[in-house]
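Q: Take a look at this one; I'll ask things after.
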Amino acid sequence: MGLREKLQSTGLFLLWSVLCGVIVAAFFVSAFFADFGPIQVGDPGTVILFMPLFAAFILGLLLVDFELVHTVLAALLATGVAIGLVLGFMFGPAIVGVEVGPPPYQGAFSAILLFPLILLGTVVGRAIGERILPPQAILDRQKALMAETREWHEQLARVERPVPPGQDRKP
């Protein structure tokens with residue numbers, strides 16, 4: 304793998320992980336702070352539990368060509384981005400000096416809630432992705448194994464030709 308492919312692979316890895324974190328944070332903020340969010344959701348509990356799993360599942364599908372360790376690192380990166388954005392939204396008014404009251408601490412437990420959901424979704428998505436969309440290396444290995452097996456069967460067919468009835472096999 305050349306330098307260009309490694310850079311492209313690393314760039315896609317970072318892009319997908321950061322985008323997953325942004326998506327999770329957007330829905331998390333919209334669920335907790337419905338008055339300020341562009342998306343109005345009916346039940347915030349469903350969004351808080353379902354969206355991290357769904358976004359991380361898609362991330363796991365995208366990371367099927369990477370090692371499992373990289374999948375866990377992607378989950379950590381996505382969680383860090385999501386927590387950073389949620390905390391930035393929560394403490395943004397205090398930082399710029401326009402706060403009206405104490406900051407809402409409703410989203411403070413986002414780290415405790417988001418990491419297990421994102422990790423679970425990412426690993427499950429990668430596991431299902433390996434079954435549905437196997438990496439190219441696995442497909443190449445399967446093709447090579449099929450060709451080798453076919454060659455062995457052809458050699459066995461040449462060696463073990465059927466002997467007509469009533470004749471003995473010659474050594």
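With the working numbering applied, the sequence shown covers 304 to 474.
Just so you know, even glycine gets a beta-carbon here, dropped at the ideal spot from N, CA and C.
Indicate the three-state DSSP secondary structure (helix, strand or coil) for L436 in the structure shown.
A: Here residue 436 corresponds to residue number 133 of the sequence shown, with the count starting at 1. Here L436 sits in coil by DSSP.
Q: Measuring alpha carbon to alpha carbon, tell me which residue in A328, G383 and V372 is nearest F357.
A: Along the sequence shown, one-based indexing puts residue 357 at 54. That would be A328, whose Cα lies nearest to the Cα of F357.
Q: Got a sec, what are the start and stop residues for the alpha helix (DSSP H) L364 sits in?
A: As a working mapping, residue 364 is identified with position 61 in the sequence shown. Element bounds for L364: P347 to L365.
Q: Run the CB neighbour count on L422, radius 10 Å, all protein chains shown included, and call it buried at 16 or more, exposed below.
A: Taking the first residue of the sequence shown as 1, we reach residue 422 at position 119. Buried, by the Cβ-count rule.
Q: Helix, strand or coil for D443 per DSSP?
A: Translated into positions along the sequence shown, residue 443 becomes position 140. Helix, per DSSP.
Q: Go ahead and pull the three-state DSSP assignment for V403.
A: As a position in the sequence shown, residue 403 is number 100, starting the count at 1. Reduced to three states, the DSSP call for V403 is coil.
Q: Cα separation between G324 and V372?
A: In the sequence shown, counting from the first residue as 1, residue 324 sits at position 21. In the sequence shown, counting from the first residue as 1, residue 372 sits at position 69. Approximately 18 Å between the Cα atoms of the pair.
Q: Ordered along the chain, which non-local residues of its own chain (more than five positions away) have a Cβ less than 7 Å from that of F360?
A: For the purposes of this step, residue 360 is taken as the residue at position 57 of the sequence shown. G424, V427 and G428.
Q: Closer than 6 Å by C-beta to I351: which residues in its own chain qualify, once you throw out the five before and the five after it? Chain order, please.
A: One-based indexing of the sequence shown puts residue 351 at position 48. These residues qualify, in order along the chain: A334.
Q: Let me check understanding here. Comparing Cα to Cα, which of G400, F392 and G387 lies closest to A414?
A: In the sequence shown, counting from the first residue as 1, residue 414 sits at position 111. That would be G387, whose Cα lies nearest to the Cα of A414.
Q: Roughly how many whole angstroms lie between the Cα atoms of V389 and F336?
A: Counted from its first residue, the sequence shown places residue 389 at position 86. Counted from its first residue, the sequence shown places residue 336 at position 33. Near 10 Å, if we compare the C-alpha coordinates of F336 and V389.
Q: State buried or exposed for T382, treating a residue as buried only when at least 16 other CB atoms are found within 10 Å of its CB.
A: In the sequence shown, the residue the question calls residue 382 occupies position 79. Classification of T382: buried, given that the 10 Å Cβ count is 16 or more.
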